[in-house]
Amino acid sequence: MHDIERYLNIRSAYGASLSEAGTLAFLLNTTGTAQVWTLDEPRGWPVQRTFYEEAVSFCTFSPEREELVFGMDEGGNERLQFYRLDLAGDTEGEITPLTEMPDAKHLWGGWSHDGERFAFASNRRDEGVFDVYVQGRDETGDDAELVFESDGWYSPGGFSPDDSRLVVTQATSLLDQDVYVLDLETGELDLLTEHDGFERHQSATWGPDGEYLYVTTDRDSDTLDAYRLAMDGSRERVTLPDDEANGEWSVDGVAIDHETGRLVYSRNVDGYTELRAGDLSADGLAVENVTDIDLPAGVAGGVSFDEDADAFAFTTTASTQNTNVHLADVETGDTDRWTLASTAGIPESTFVEPELVRFESFDGREIPAYFSLPEDVPEGGAPVVVDIHGGPESQRRPSFNPLKQFFLRSGYAVFEPNVRGSTGYGKAYSHLDDVGKRMDSVKDVDAAATWLAEQEAVDADRLVAYGGSYGGFMVLASMTEYPELWAAGVDIVGIANFVTFLENTGEWRRELREAEYGSLADDREFLESISPINNIDAIRAPLFVIHGANDPRVPLGEAEQVAEQAAEHVPVETLVFDDEGHGLSKLENRIEAYSAVVEFLDEHV
Numbered sequence: 001m002h003d004i005e006r007y008l009n010i011r012s013a014y015g016a017s018l019s020e021a022g023t024l025a026f027l028l029n030t031t032g033t034a035q036v037w038t039l040d041e042p043r044g045w046p047v048q049r050t051f052y053e054e055a056v057s058f059c060t061f062s063p064e065r066e067e068l069v070f071g072m073d074e075g076g077n078e079r080l081q082f083y084r085l086d087l088a089g090d091t092e093g094e095i096t097p098l099t100e101m102p103d104a105k106h107l108w109g110g111w112s113h114d115g116e117r118f119a120f121a122s123n124r125r126d127e128g129v130f131d132v133y134v135q136g137r138d139e140t141g142d143d144a145e146l147v148f149e150s151d152g153w154y155s156p157g158g159f160s161p162d163d164s165r166l167v168v169t170q171a172t173s174l175l176d177q178d179v180y181v182l183d184l185e186t187g188e189l190d191l192l193t194e195h196d197g198f199e200r201h202q203s204a205t206w207g208p209d210g211e212y213l214y215v216t217t218d219r220d221s222d223t224l225d226a227y228r229l230a231m232d233g234s235r236e237r238v239t240l241p242d243d244e245a246n247g248e249w250s251v252d253g254v255a256i257d258h259e260t261g262r263l264v265y266s267r268n269v270d271g272y273t274e275l276r277a278g279d280l281s282a283d284g285l286a287v288e289n290v291t292d293i294d295l296p297a298g299v300a301g302g303v304s305f306d307e308d309a310d311a312f313a314f315t316t317t318a319s320t321q322n323t324n325v326h327l328a329d330v331e332t333g334d335t336d337r338w339t340l341a342s343t344a345g346i347p348e349s350t351f352v353e354p355e356l357v358r359f360e361s362f363d364g365r366e367i368p369a370y371f372s373l374p375e376d377v378p379e380g381g382a383p384v385v386v387d388i389h390g391g392p393e394s395q396r397r398p399s400f401n402p403l404k405q406f407f408l409r410s411g412y413a414v415f416e417p418n419v420r421g422s423t424g425y426g427k428a429y430s431h432l433d434d435v436g437k438r439m440d441s442v443k444d445v446d447a448a449a450t451w452l453a454e455q456e457a458v459d460a461d462r463l464v465a466y467g468g469s470y471g472g473f474m475v476l477a478s479m480t481e482y483p484e485l486w487a488a489g490v491d492i493v494g495i496a497n498f499v500t501f502l503e504n505t506g507e508w509r510r511e512l513r514e515a516e517y518g519s520l521a522d523d524r525e526f527l528e529s530i531s532p533i534n535n536i537d538a539i540r541a542p543l544f545v546i547h548g549a550n551d552p553r554v555p556l557g558e559a560e561q562v563a564e565q566a567a568e569h570v571p572v573e574t575l576v577f578d579d580e581g582h583g584l585s586k587l588e589n590r591i592e593a594y595s596a597v598v599e600f601l602d603e604h605v
């Protein structure tokens, strides 16, 4: 059997962007961190274009030139900076810094169609808010024009087809957004989605003529549906060919080519992506000539059209297939894998496909989960890693995870619940854990343990609570609320104290997170009552704590306080990485951390 280091060397290729000339740019982590690479043909030999120790977060080609913009932070601090990379002519390979403001965070907002400008949002004026800027492709630093001064979290999402306007989205929480149109000549900002309460308005993109926007929204239903927005704020639903069969599942996203009106949309069906391509109808309210895109049973997204929109690049991943970039033929639905991210010599046939199950929680609600068993279950049952996702406005989906596959190969089962509060199962489900209902999601983990105890293949005395970020809070909460269930716990960049977390998280994030968890002003007493740190003496199982020193989301103090206090009565191991933020991006750190986790679990479980 291969060791943990070999599994962590399984590569991922993703974040595809196609140039006008047909060059594919993408991110690949062969060097240990994600860097920009390019390809000119499927399964060819890729060319590495960036050579940094830090991970590149995105890359996107200019619509007119063989040049691209990429983003990178320092040490995981999320203060993203932009750079232009030239890929043709005498300047091929040259990299030009575009922002050069390392104390500010930048959010990419798209190229203009003529390739002369790009839009972005930044908190360079005020750390707690994001203003909107437009900058010329050959300008740097202070040259950016402030086109909208905001009072919250605003981000541009693309230029109109004539480049005179920007679509701008304002987020008041991760489950509540508004869509605006910003006139770049007058500075006028028009709200198109006025509403009360929580409504998601996502994936906003311009229609071909610039008269309408297309979005996904849950305004009129429990799930996200496709709608067309007029400039006066009126809206009409877009008819999709699978509405009748799959209408109970959300439309994840919509991509439209402005030249042809070609449209690609994805639907999240119980976690699995269904991807379809077609053409907007003459009235713009339906999709015609629809083709189902051939996909493995997994997750796909990130559409980038070729010049004529006859094909598009996208990223796909599955439980038994590592992440790679494919091109899809719009007419036939056939796909062609372009990248060959290595599986480090480990046969795909050894990777395990999960079973999608549902278990009953304390209130009779059915909770979905992915359950994976090792090939050889020992007599008496297998130990189980109960892996709880972060967010909480997120969803565990059937994507490739090399650490999970190592656990399975090592004899552990893996159980991945989508507890209440997860997205992907409708608006009502995603709000079942809001503020005062927070601990109901922890009760779901207790119910998961009850279900696991009923499975013949499981050793219920050897359950591991495992999770990162909000999932780290769920680990700590489960171990304090139900200490008898766990043989061990692994907390990665988790929240130990909601009060100190909200006090110390990045200024730009506090309001968004208070909408989910409760506010310091109004809910402090409740937040104290549910914080695991205030019940840490209840933990009975050994605990492993991992954190990045530069984490701007969940500050290092969360790990320090829980490790110090828990160590007074249970074995605790702690790893802090000085060059990481909210999670581990560097291969050498991942190898050190997860090798230690494996040894820890082997000892205690």
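If you're matching positions, the sequence shown starts at 1 in full-length UniProt numbering and goes up one per residue. Where is the CB? At the ideal position from N, CA and C, for every residue including glycine.
Please report the distance separating the alpha-carbon of residue i from that of residue j.
i           : j           : result
residue 609 : residue 332 : With the chain covering 1 to 605 only, the question about residue 609 has no answer from this structure.
residue 41  : residue 330 : 18 Å
residue 373 : residue 380 : 14 Å
residue 432 : residue 481 : 19 Å
residue 6   : residue 344 : 6 Å
residue 111 : residue 117 : 6 Å
residue 532 : residue 462 : 22 Å
residue 33  : residue 9   : 11 Å
residue 72  : residue 57  : 6 Å
residue 23  : residue 294 : 22 Å
residue 234 : residue 83  : 39 Å
residue 121 : residue 98  : 14 Å
residue 286 : residue 238 : 5 Å
residue 157 : residue 91  : 29 Å
residue 15  : residue 53  : 19 Å
residue 259 : residue 69  : 22 Å
residue 423 : residue 164 : 35 Å
residue 27  : residue 569 : 44 Å
In chain order, what residues of the same chain lie with their CB nearer than 7 Å to the CB of residue i, ignoring the 5 residues before and after it?
i           : result
residue 248 : 223
residue 359 : 367, 369, 447, 448, 451
residue 458 : 381, 382, 384, 413, 452
residue 405 : 7, 351, 352
residue 64  : 20, 114, 115
residue 591 : 5, 8
Kindly identify the DSSP beta-bridge partner or partners of residue i.
i           : result
residue 406 : Looking at the DSSP assignment, residue 406 forms no beta bridge with any residue, so it has no partner.
residue 278 : 263
residue 145 : 134
residue 293 : According to DSSP, residue 293 bridges with nothing at all.
residue 251 : 267
residue 108 : 120
residue 201 : 217
Just verifying my parser: in three-state terms, what is the DSSP assignment at residue i?
i           : result
residue 559 : helix
residue 123 : coil
residue 366 : strand
residue 11  : coil
residue 435 : helix
residue 564 : helix
residue 546 : strand
residue 230 : strand
residue 582 : coil
residue 166 : strand
residue 237 : strand
residue 384 : strand
residue 614 : Since the first and last residues shown for the chain are 1 and 605, residue 614 lies out of range.
residue 347 : coil
residue 317 : strand
In chain order, what residues of the same chain have a beta carbon less than 8 Å from the beta carbon of residue i, not counting five sequence neighbours either side?
i           : result
residue 47  : 37, 38, 39
residue 321 : 296, 298, 348, 351, 400
residue 78  : 105, 506, 552, 553, 581, 582
Would you say the beta carbon of residue i comes nearer than 7 Å to a heavy atom of the ligand HEM?
i           : result
residue 349 : The ligand HEM is absent from the structure shown, which contains no ligands of any kind.
Just to confirm the assignment, what range does the beta strand (DSSP E) spanning residue i have?
i           : result
residue 84  : 81-86
residue 360 : 355-360
residue 243 : Where residue 243 is concerned, there is no enclosing beta strand (DSSP E), although the alpha helix (DSSP H) it sits in stretches over 243-246.
residue 258 : Where residue 258 is concerned, there is no enclosing beta strand (DSSP E), given that its DSSP letter is neither H nor E.
residue 96  : 95-97
For the alpha helix (DSSP H) that contains residue i, what are its first and last residues?
i           : result
residue 72  : Taken as a continuous stretch (DSSP letters only), residue 72 belongs to no alpha helix (DSSP H), being part of the beta strand (DSSP E) at 67-72.
residue 641 : Lying before the first or after the last residue shown, residue 641 is absent from the chain, which here runs from 1 to 605.
Who are the near neighbours of residue i in its chain, counting only those whose CB is closer than 6 Å to its CB and skipping five residues on each side?
i           : result
residue 290 : 241, 276, 278
residue 357 : 369, 371
residue 124 : 101, 104
residue 427 : 218, 222
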